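*Asks:* My questions will all concern the structure given below.
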Amino acid sequence: MRTAIIIPARYASTRLPAKALLRETGKYLVQHVYEQALRVPNVETVIVATDDSRILAAVESFGGRAMMTRRDHPSGTDRIAEVAQTLDVELILNLQGDEPLIDPGSLELLAKLLRDDPKAEMATLAIPVASEEIYHNPNCVKVVCGEGGRALYFSRSPIPHVRDGKPDLAAKPPLFLHHLGLYAYRRDALLALSSLPPHPLEQLEKLEQLRAIGHGWTIRVGVIAHAGRGVDTPADYERFVAEYRATPS
Numbered sequence: 048m049r050t051a052i053i054i055p056a057r058y059a060s061t062r063l064p065a066k067a068l069l070r071e072t073g074k075y076l077v078q079h080v081y082e083q084a085l086r087v088p089n090v091e092t093v094i095v096a097t098d099d100s101r102i103l104a105a106v107e108s109f110g111g112r113a114m115m116t117r118r119d120h121p122s123g124t125d126r127i128a129e130v131a132q133t134l135d136v137e138l139i140l141n142l143q144g145d146e147p148l149i150d151p152g153s154l155e156l157l158a159k160l161l162r163d164d165p166k167a168e169m170a171t172l173a174i175p176v177a178s179e180e181i182y183h184n185p186n187c188v189k190v191v192c193g194e195g196g197r198a199l200y201f202s203r204s205p206i207p208h209v210r211d212g213k214p215d216l217a218a219k220p221p222l223f224l225h226h227l228g229l230y231a232y233r234r235d236a237l238l239a240l241s242s243l244p245p246h247p248l249e250q251l252e253k254l255e256q257l258r259a260i261g262h263g264w265t266i267r268v269g270v271i272a273h274a275g276r277g278v279d280t281p282a283d284y285e286r287f288v289a290e291y292r293a294t295p296s
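With my numbering applied, the sequence shown covers 48 to 296.
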C-alpha cells in the first residue's frame, strides 16, 4: 500500500519557539526527524507540512520536501489533511516535528497495523504505564484496549480504574497503557476526520482521537516497549544535543 509520512512543523511553540529550526548539532531539529522518517521501509514520500516560509526554506536546504499550509489550522491533523489532499497514497503516517529520536520500527509497526486490518480507519501506539505517577497524571493520556488491540477509550483519567487495590503495572500482557501521539490513517479516513464535527467526548477530555471513537471508528493500538523522547522544552533539546554528540557517528 502506498504510504506517506507527513511531519507537521509550526514555527510558533509556547515552550520552545522556532524549535524546528534549532541546529546546535549542525542539523535542524526537523532535519533529524526527517532523516528518521526516511529510514522507514516501504514509504513512498516524506513531506514536512509547515505554516512558515523559514521552515520551508530550511527543509529545502537539506534536500527535503516541504509544503506550505494555511496558518489557521486548529490542529496538526487538519494540517496534514491539507497535504494529504494532494497525494495519491493509501496510508498517511503523522510524525510530529519534535521527535528526533523516533524509532523507525515504531512507524513501520503503525503502517502494518492498518495493512493487517482492512476494517480499521486509524492506528496508534502505546507503551506500558511505567509508574503510578504517570497513571494518575492527566497530562499522560491512557488508552484501554479490547480484543485484537482495538481502542475502547482514551482518557486523561487513570483507566482502567482499579476498584480494589492498586494497578498491577507489571501485568503481562500490559493492561495499563500510556498513549503516544503517533497516528496512521487511511487517506480517505483522514480527510473525513478533518471534516467531522467535534464529538462531545473530545470536547470534554480535549483529546482529538475521541472524535474518531465517538463516531464509531476502529483505532488499532500497537504496544511497544519504549518511546523516543520528544523535544518540548529547552532542557529537552539540551538533552538531545548531548546524546547526539555522545553517539558515535
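Glycine residues also receive a C-beta, built at the ideal position from the N, C-alpha and C atoms.
Given the structure is predicted, the values throughout are model-derived calculations rather than measurements.
Does the beta-carbon of D125 have 16 or more other beta-carbons within 10 angstroms, so that it is buried, or is it exposed?
*Replies:* Numbered from 1 along the sequence shown, position 78 holds the residue referred to as residue 125. Per the 10 Å Cβ criterion, buried.
*Asks:* Let's see if you can read the secondary structure: which residues bound the beta strand (DSSP E) around I54?
*Replies:* As a working note, residue 54 is residue 7 in the sequence shown. T50 to A56 is the span of the beta strand (DSSP E), which, as asked, contains I54.
*Asks:* The beta strand (DSSP E) that contains I206, what's its start and end?
*Replies:* The residue you call residue 206 lines up with position 159 of the sequence shown. It is not in any beta strand (DSSP E) - I206 carries neither H nor E in the DSSP assignment.
*Asks:* Out of A128, Q132, L238 and Y81, which has the shortest C-alpha to C-alpha gap to G110?
*Replies:* Taking the sequence shown and counting its residues from 1, one reaches residue 110 at position 63. Comparing Cα-Cα distances from G110 to each of A128, Q132, L238 and Y81, the minimum goes to Y81.
*Asks:* From D145 to L160, what distance separates their C-alpha atoms?
*Replies:* Within the sequence shown, numbered from 1, the residue matching residue 145 stands at position 98. Within the sequence shown, numbered from 1, the residue matching residue 160 stands at position 113. Spanning the two alpha carbons is a distance of roughly 23 Å.
*Asks:* Give, in chain order, every unbroken run of the beta strand (DSSP E) that is at least 3 residues long and sits entirely within the stretch 175 to 241.
*Replies:* The stretch 175 to 241 contains these whole beta strand (DSSP E) runs: 189 to 192, 198 to 202 and 224 to 233.
*Asks:* Could you tell me which residues DSSP pairs with R101 in its beta bridges?
*Replies:* Taking the first residue of the sequence shown as position 1, residue 101 is located at position 54. Answer is none; R101 lacks a bridge partner.
*Asks:* What span of residues does the beta strand (DSSP E) with G111 cover, start to end?
*Replies:* Residue mapping note: residue 111 aligns to position 64 of the sequence shown, counting from 1. Premise fails: G111 is in no beta strand (DSSP E) and is neither H nor E.
*Asks:* Are the beta-carbon atoms of E252 and R203 separated by less than 8 Å?
*Replies:* Counted from its first residue, the sequence shown places residue 252 at position 205. Counted from its first residue, the sequence shown places residue 203 at position 156. Result yes, Cβ atoms of E252 and R203 sit closer than 8 Å.
*Asks:* Hey, L76 and L69 are a contact pair by Cβ (cut 8 Å); roughly how many whole angstroms apart?
*Replies:* For this step, residue 76 is matched to residue 29 along the sequence shown. For this step, residue 69 is matched to residue 22 along the sequence shown. L76 to L69, Cβ: 5 Å. Contact.
*Asks:* Look at the Cβ atom of H262, then the Cβ atom of H246, and state whether they are nearer than 8 Å.
*Replies:* Residue 262 sits at position 215 when you count from the first residue of the sequence shown. Residue 246 sits at position 199 when you count from the first residue of the sequence shown. For H262 and H246, yes; Cβs fall inside 8 Å.
*Asks:* Would you kindly work out how many angstroms separate the C-alpha atoms of Q132 and L238, rounded to a whole number?
*Replies:* Stepping through the sequence shown from its first residue, residue 132 is reached at position 85. Stepping through the sequence shown from its first residue, residue 238 is reached at position 191. When rounded, the distance between both Cα atoms is 7 Å.
*Asks:* Could you tell me the boundaries of the beta strand (DSSP E) in which L138 lies?
*Replies:* Counted from its first residue, the sequence shown places residue 138 at position 91. L138 -> beta strand (DSSP E) spans L138 to N141.
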